[in-house]
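Line order of the protein sequences matches chains S and Z.
Numbering-wise, my numbering comes out as the position in the first sequence, counting from 1, plus 145.
Numbering-wise, my numbering comes out as the position in the second sequence, counting from 1, plus 4.
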Amino acid sequence: MQQLIDIVQKWVAGYLQFLEPVPIEIWYILFMFIFAGVVLGMVMLFAGVASYAERKVAGHMQSRHGPNRVGPHGVLQFVADGIKLVLKEDLIPDAADKILFRFAPYIVFLGCFAVFAAFPFSMVFGQSLGITNLNIGLLYVLAISSIVVVGIIMAGWASGNKWSLLGGLRSAAQIVSYEVPIGVSFLTIVMIAGTLDLFEITRQQDGGFWRWFVFRYPPFTMSAFFIYFVASLAETNRVPFDIPEAESEIVAGYHTEYSGMRFSFFYMSEYGNMLAVSSLATIVFLGGFQSVLPFHILPGNWFVIEGLCWFFGKALFLVFVQMWLRWTLPRYRVDQLMHLAWKVLLPFAFVNIMGIGIWMLI
Amino acid sequence: MPESETAKQSEGFSELSRAVSTFVGEELVINFGPQHPSMHGVLRLIVKSEGEIVSEITPVIGYLHRGMEKIAERLNYHQFMPYTDRIDYLASMNCNFAYAATVEKLAGIEIPKRAEYIRVIMAELNRIASHLVFFGTAGLESGAWTPIVYAFREREYIVDLFDMTCGQRLTYNYFRIGGVADDLPKGFMEKARAFCDYFEPKIKEYNELLSYNEIFIKRTANVAVLPPETAVKYSVTGPNLRASGVKWDLRKNEPYSIYPEIDFDIPVSSGEKGMVGDTWNRYIIRMREMEESVKIIRQCLDKIPEGDYLTKVPRLFKAPPGEVYCRFENPRGELGFYLISDGGKSPYRLKIRTPSFAHLWVLPEISTGGMISDLIVAFGSLDLVVPEIDR
Numbered sequence: 146m147q148q149l150i151d152i153v154q155k156w157v158a159g160y161l162q163f164l165e166p167v168p169i170e171i172w173y174i175l176f177m178f179i180f181a182g183v184v185l186g187m188v189m190l191f192a193g194v195a196s197y198a199e200r201k202v203a204g205h206m207q208s209r210h211g212p213n214r215v216g217p218h219g220v221l222q223f224v225a226d227g228i229k230l231v232l233k234e235d236l237i238p239d240a241a242d243k244i245l246f247r248f249a250p251y252i253v254f255l256g257c258f259a260v261f262a263a264f265p266f267s268m269v270f271g272q273s274l275g276i277t278n279l280n281i282g283l284l285y286v287l288a289i290s291s292i293v294v295v296g297i298i299m300a301g302w303a304s305g306n307k308w309s310l311l312g313g314l315r316s317a318a319q320i321v322s323y324e325v326p327i328g329v330s331f332l333t334i335v336m337i338a339g340t341l342d343l344f345e346i347t348r349q350q351d352g353g354f355w356r357w358f359v360f361r362y363p364p365f366t367m368s369a370f371f372i373y374f375v376a377s378l379a380e381t382n383r384v385p386f387d388i389p390e391a392e393s394e395i396v397a398g399y400h401t402e403y404s405g406m407r408f409s410f411f412y413m414s415e416y417g418n419m420l421a422v423s424s425l426a427t428i429v430f431l432g433g434f435q436s437v438l439p440f441h442i443l444p445g446n447w448f449v450i451e452g453l454c455w456f457f458g459k460a461l462f463l464v465f466v467q468m469w470l471r472w473t474l475p476r477y478r479v480d481q482l483m484h485l486a487w488k489v490l491l492p493f494a495f496v497n498i499m500g501i502g503i504w505m506l507i
Numbered sequence: 005m006p007e008s009e010t011a012k013q014s015e016g017f018s019e020l021s022r023a024v025s026t027f028v029g030e031e032l033v034i035n036f037g038p039q040h041p042s043m044h045g046v047l048r049l050i051v052k053s054e055g056e057i058v059s060e061i062t063p064v065i066g067y068l069h070r071g072m073e074k075i076a077e078r079l080n081y082h083q084f085m086p087y088t089d090r091i092d093y094l095a096s097m098n099c100n101f102a103y104a105a106t107v108e109k110l111a112g113i114e115i116p117k118r119a120e121y122i123r124v125i126m127a128e129l130n131r132i133a134s135h136l137v138f139f140g141t142a143g144l145e146s147g148a149w150t151p152i153v154y155a156f157r158e159r160e161y162i163v164d165l166f167d168m169t170c171g172q173r174l175t176y177n178y179f180r181i182g183g184v185a186d187d188l189p190k191g192f193m194e195k196a197r198a199f200c201d202y203f204e205p206k207i208k209e210y211n212e213l214l215s216y217n218e219i220f221i222k223r224t225a226n227v228a229v230l231p232p233e234t235a236v237k238y239s240v241t242g243p244n245l246r247a248s249g250v251k252w253d254l255r256k257n258e259p260y261s262i263y264p265e266i267d268f269d270i271p272v273s274s275g276e277k278g279m280v281g282d283t284w285n286r287y288i289i290r291m292r293e294m295e296e297s298v299k300i301i302r303q304c305l306d307k308i309p310e311g312d313y314l315t316k317v318p319r320l321f322k323a324p325p326g327e328v329y330c331r332f333e334n335p336r337g338e339l340g341f342y343l344i345s346d347g348g349k350s351p352y353r354l355k356i357r358t359p360s361f362a363h364l365w366v367l368p369e370i371s372t373g374g375m376i377s378d379l380i381v382a383f384g385s386l387d388l389v390v391p392e393i394d395r
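Below is the structure:
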């Protein structure tokens, strides 16, 4: 963002002198809104397209068609759904805590939305193409993505429904537990890279896929990647860890009472979260915007396009894997989920840290 | 709840549930159903739970009561046949079969051999169809979505066969007192054989997808264990009883129709993945029964004789005074008709013994002390059909 503001200031100094009295703070606020709009558009568009893709993937896996009525191959289905959701009646139960009930979907959405602020999507002029480049990017992402759980508990509690409450509390237990293996598995990468800066982490993975962190110290980083991926499924409430919504058990849990657009906010944030955790996996383990090959296909600053393709290619593949799992696996039980987090993933994550520590010392 | 009792009830559950269920906290009373997505029909369970641990289950039935047994007393013997379709909508043919055979036994009507074969083919096809729905819902209740679509894909072939035979796709009113309504249509035999060939590999696919999935085994093995003594005490029958390790199948133990002439096995659980009588065993028994049913259908298709398919029974025939109780192996267990005739043109009294009714009452026994997720999976594994409970 700073670079763009610098560029704008140069322009203002050179050609748009009548804008000079506008103070720098206004430019900051303006750019903040522009970037927020870009990310919001991206997340919402992704959520729409992903909801369509999910149904198509499910359709192919289950030998049925999926949406195929609105537009060619049903591609406009998500638009139709969006219109339908906006037009639907907005119900709030009598027993609900109305203020929290209204507020919860935004908090959930905020959690997934704010994560994107720190991602380097590509590289341009040797700088990170993203909203901002934080030197504590990884920490920021971990911290901000946990806001989702607050919204979910809020929704579960405010619905005034026992099923929702159970869903909300299940979610609290689950997401909080799975943050721990995620954090610890990232520590291995932080040890290797020596930084929390996501752009710097990506830059260190330049030069072919064998330079990606996932292949760097083979048994340890691979297992760290696996631990992260499993835990990220739990973070996004996807099968086999969709325990907070568990339709067959607690009737969709925390979002049972939500209808129309409020409901779709939960769904958008679920898909947004899928993209967020996949992007993070891409950045930290799979080389982010770096190419599979040791050289760049597009020369010079044109690399920005290539980088975007690599980045989203990898991230979307991981999103696809998440969908694939959803239509294959049954769901864990709450205690088994806890068992997996604390007794399986976490010890292995610690073993990784020790292993890499020893390897680096040798 | 006394501690010893709690420990007994939660036998077979995970360590965590056991630890938590001994702890007395605030109870949450929640209503399961009648609209809950996992209630097969309209059943209501009043569940008391301490957090996720179920401490008391009270089933509430009667949302679908139709007074079927009373209706039988007002109609003549033929007229009651369509009502039997509705006893168990997933196994209409089997219910038809049971009622027709009961009346025939009371009235001493002999039916042609060909009709017997047709009846067994239909009954076994319907058993597969019913178990397929079970397979689908078992997946759904454990959180897997794909099985139900696969199950319905295959069930559609069976429904097509029924459609060409009797023109209906859910309540197949095909059986008549004295035989079946019509002969097998042209092309039925080939299609039925093709179905057998098509279906057998699919069972393997199901096993790969769900039965031997690690998570599914974790969810179901050692969950909601029904020991054989309890099963017998609650008069549990059918696959649920055989899953508890009791080899009891009316097709073998009290053979009726042409079952003695056919070679097939009765799958009994041996506790492959957990304890005998757990949820996984109740599931896998049905998968194995489908294989056996395919075997039976194949043999029937090979052996079916030419000839008449219906003994003409007068429209207003009168059964001689007397009483009879006949029981039949339905997909869900023992379906019994207790029929009393006073010599009139309609039954004096008809009592229907349905398997699901007995199975429902073991649910509190096996699920108390477990978690809500276990309750759902155990409930699904009992394969209840609520209209059958309420009649």
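Positions of the beta carbon are idealized from the N, C-alpha and C atoms, including for glycine.
Does DSSP classify residue 354 of chain Z as helix, strand or coil?
Along the second sequence, read from residue 1 onward, the residue named residue 354 of chain Z stands at position 350. Correct three-state label for residue 354 of chain Z: strand.
Kindly indicate the opening and closing residues of the beta strand (DSSP E) around residue 341 of chain Z.
Counting from 1 along the second sequence, the entry for residue 341 of chain Z is found at position 337. Taken as a continuous stretch (DSSP letters only), the beta strand (DSSP E) holding residue 341 of chain Z covers 337-345.
Using the C-alpha atoms, what's the distance from residue 392 of chain Z back to residue 2 of chain Z?
The requested residue 2 of chain Z is not part of the displayed model; chain Z covers only 5 to 395.
Across which residues does DSSP place residue 4 of chain Z in a beta bridge pair?
Any property of residue 4 of chain Z remains undetermined from this structure, which presents chain Z solely from 5 to 395.
Quick one: grab the DSSP three-state call for residue 150 of chain Z.
One-based indexing of the second sequence puts residue 150 of chain Z at position 146. The answer is helix: DSSP assigns residue 150 of chain Z an H, G or I state.
Could you please give the first and the last residue of the uninterrupted alpha helix (DSSP H) stretch that includes residue 386 of chain S?
Mapped onto the first sequence, residue 386 of chain S falls at position 241. Where residue 386 of chain S is concerned, there is no enclosing alpha helix (DSSP H), given that its DSSP letter is neither H nor E.
Between Z/385, Z/51 and Z/187, which has its C-alpha nearest residue 363 of chain Z's C-alpha?
In the second sequence, residue 363 of chain Z corresponds to position 359, counting from 1. Among Z/385, Z/51 and Z/187, the Cα nearest to that of residue 363 of chain Z is on Z/385.
When you compare each of Z/273, Z/237 and Z/299 to residue 247 of chain Z by their alpha carbons, which one comes out closest?
The sequence position of residue 247 of chain Z within the second sequence is 243, counting from 1. Comparing Cα-Cα distances from residue 247 of chain Z to each of Z/273, Z/237 and Z/299, the minimum goes to Z/273.
Can you list the residues of chain Z that residue 474 of chain S reaches, using a CB-CB cut of under 8 angstroms?
Translated into positions along the first sequence, residue 474 of chain S becomes position 329. Within 8 angstroms Cβ-Cβ: 147, 148, 217 and 219.
For residue 239 of chain S, count neighbouring C-beta atoms within 10 Å of its own C-beta (all shown protein chains included) and say buried if the count is 16 or more, exposed if not.
The residue labelled residue 239 of chain S in the question sits at position 94 within the first sequence. Counting Cβ neighbours within 10 Å, residue 239 of chain S comes out exposed, since fewer than 16 surround it.
Have a look at residue 388 of chain S and residue 306 of chain S and give me their C-alpha separation to the nearest angstrom.
As a first step, residue 388 of chain S must be located in the first sequence, where it is residue number 243. As a first step, residue 306 of chain S must be located in the first sequence, where it is residue number 161. So the alpha carbons of these two residues sit roughly 17 angstroms apart.
Going by DSSP in three states, residue 160 of chain S sits in which element: helix, strand or coil?
Position 15 of the first sequence, counting from 1, holds the residue named residue 160 of chain S. Correct three-state label for residue 160 of chain S: coil.
Establish whether the CB of residue 419 of chain S and some CB of chain Z are separated by less than 8 angstroms.
Sequence index remark: in the first sequence, residue 419 of chain S carries index 274 (1-based). No, residue 419 of chain S lies away from the interface with chain Z (no Cβ there is under 8 angstroms from its Cβ).
Closer than 9 angstroms, Cβ to any Cβ of chain Z: which residues of the segment 372-397 of chain S, in chain order?
The segment 372-397 of chain S vs chain Z, Cβ under 9 angstroms: 384, 385, 387, 388, 391, 392, 393, 394, 395, 396 and 397.
With 8 angstroms as the C-beta to C-beta threshold (strictly closer), list the residues of the segment 35-54 of chain Z near chain S in chain order.
Those residues of the segment 35-54 of chain Z that come within reach of chain S (Cβ to Cβ, closer than 8 angstroms) are 40, 41 and 42.
Starting from residue 242 of chain Z and walking both ways along the alpha helix (DSSP H), at which residues does that stretch end?
By 1-based counting over the second sequence, the position of residue 242 of chain Z is 238. Element bounds for residue 242 of chain Z: 242-247.
Give me the Cα-Cα distance between residue 139 of chain Z and residue 287 of chain Z, rounded to the nearest whole angstrom.
Here residue 139 of chain Z is taken as the residue at index 135 of the second sequence, counted from 1. Here residue 287 of chain Z is taken as the residue at index 283 of the second sequence, counted from 1. The straight-line gap from Cα to Cα measures roughly 8 angstroms.
So which residues of chain Z does residue 206 of chain S contact, with C-beta pairs closer than 8 angstroms?
Reading the first sequence from its first residue, position 61 is the one you call residue 206 of chain S. Within 8 angstroms Cβ-Cβ: 150.
Could you tell me which uninterrupted alpha helix (DSSP H) segments, each at least 4 residues in length, are contained entirely in the segment 450-500 of chain S, listed from first to last along the chain?
Those alpha helix (DSSP H) runs which fall completely within the segment 450-500 of chain S and span 4+ residues are 479-484.
Return the chain-ordered list of same chain residues with a C-beta closer than 7 angstroms to the C-beta of residue 278 of chain Z, the five sequence neighbours on each side being excluded.
Numbered from its first residue, the second sequence carries residue 278 of chain Z at position 274. The residues are 225, 226 and 284.
Shorter than 8 angstroms from the beta carbon of residue 200 of chain S to some beta carbon of chain Z?
By one-based count along the first sequence, residue 200 of chain S stands at place 55. Answer no: the Cβ-Cβ gap between residue 200 of chain S and chain Z never drops below 8 angstroms.
What residues in the segment 372-389 of chain Z bring their beta carbon closer than 8 angstroms to a beta carbon of chain S?
Cβ contacts with chain S come from 375, 376, 377, 378 and 380.
Can you find a CB in chain S that lies within less than 8 angstroms of the CB of residue 278 of chain Z?
By 1-based counting over the second sequence, the position of residue 278 of chain Z is 274. Answer no: the Cβ-Cβ gap between residue 278 of chain Z and chain S never drops below 8 angstroms.
Just how far apart, CA to CA, sit residue 331 of chain S and residue 361 of chain Z?
Position 186 of the first sequence, counted from the start, is the residue given in the question as residue 331 of chain S. Position 357 of the second sequence, counted from the start, is the residue given in the question as residue 361 of chain Z. The straight-line gap from Cα to Cα measures roughly 54 angstroms.
If you draw a straight line from the C-alpha of residue 368 of chain Z to the C-alpha of residue 60 of chain Z, how long is it?
In the second sequence, counting from the first residue as 1, residue 368 of chain Z sits at position 364. In the second sequence, counting from the first residue as 1, residue 60 of chain Z sits at position 56. Answer to the nearest angstrom: the Cα atoms are 7 angstroms apart.
Work out the CA separation of residue 30 of chain Z and residue 220 of chain Z for me, nearest whole Å.
Within the second sequence, residue 220 of chain Z is the residue found at index 216, counting from 1. Within the second sequence, residue 30 of chain Z is the residue found at index 26, counting from 1. C-alpha separation (whole angstroms): 31 angstroms.
Throw me the rounded Cβ distance for the residue 74 of chain Z and residue 309 of chain Z pair, which I believe falls under 8 angstroms.
For the purposes of this step, residue 74 of chain Z is taken as residue 70 along the second sequence, with counting starting at 1. For the purposes of this step, residue 309 of chain Z is taken as residue 305 along the second sequence, with counting starting at 1. 40 angstroms between Cβ atoms; not a contact.
Can you have a look at residue 447 of chain S and say buried or exposed, based on whether 16 or more other CB atoms are within 10 angstroms of its CB?
Along the first sequence, one-based indexing puts residue 447 of chain S at 302. Exposed.
Residue 98 of chain Z and residue 131 of chain Z - do their beta-carbons sit closer together than 8 angstroms?
If you number the second sequence from 1, residue 131 of chain Z lands on position 127. If you number the second sequence from 1, residue 98 of chain Z lands on position 94. Yes, the Cβ-Cβ distance between residue 131 of chain Z and residue 98 of chain Z is below 8 angstroms.
Within 8 angstroms of any Cβ in chain S, is that where the Cβ of residue 140 of chain Z sits?
As a first step, residue 140 of chain Z must be located in the second sequence, where it is residue number 136. No, because no Cβ of chain S sits closer than 8 angstroms to the Cβ of residue 140 of chain Z.
Closer than 9 angstroms, Cβ to any Cβ of chain S: which residues of the segment 188-199 of chain Z, in chain order?
Residues: none.
At least one CB of chain S closer than 8 angstroms to the CB of residue 153 of chain Z: is that the case?
In the second sequence, the residue the question calls residue 153 of chain Z occupies position 149. Yes, residue 153 of chain Z lies at the interface with chain S (some Cβ there is under 8 angstroms from its Cβ).
At a CB distance below 9 angstroms, what residues from the segment 304-321 of chain S approach chain Z? Give them in sequence order.
Taking 9 angstroms as the Cβ-Cβ cut-off against chain Z, the residues of the segment 304-321 of chain S that qualify are 307, 308, 310, 311, 314 and 315.
Leaving out five residues before and five after residue 234 of chain S in sequence, what residues of the same chain have Cβ atoms less than 8 angstroms from its Cβ?
On the first sequence, position 89 is the one that residue 234 of chain S refers to. Closer than 8 angstroms at the Cβ level, and outside the excluded window around residue 234 of chain S, lie 404 and 405.
Who does residue 405 of chain Z pair with in a DSSP beta bridge?
For residue 405 of chain Z there is no data in the structure shown, the boundaries of chain Z being 5 and 395.
Could one say the Cβ of residue 480 of chain S lies closer than 8 angstroms to chain Z's Cβ atoms, at least one of them?
Looking up residue 480 of chain S in the first sequence gives position 335. True, the Cβ-Cβ gap to chain Z drops below 8 angstroms.
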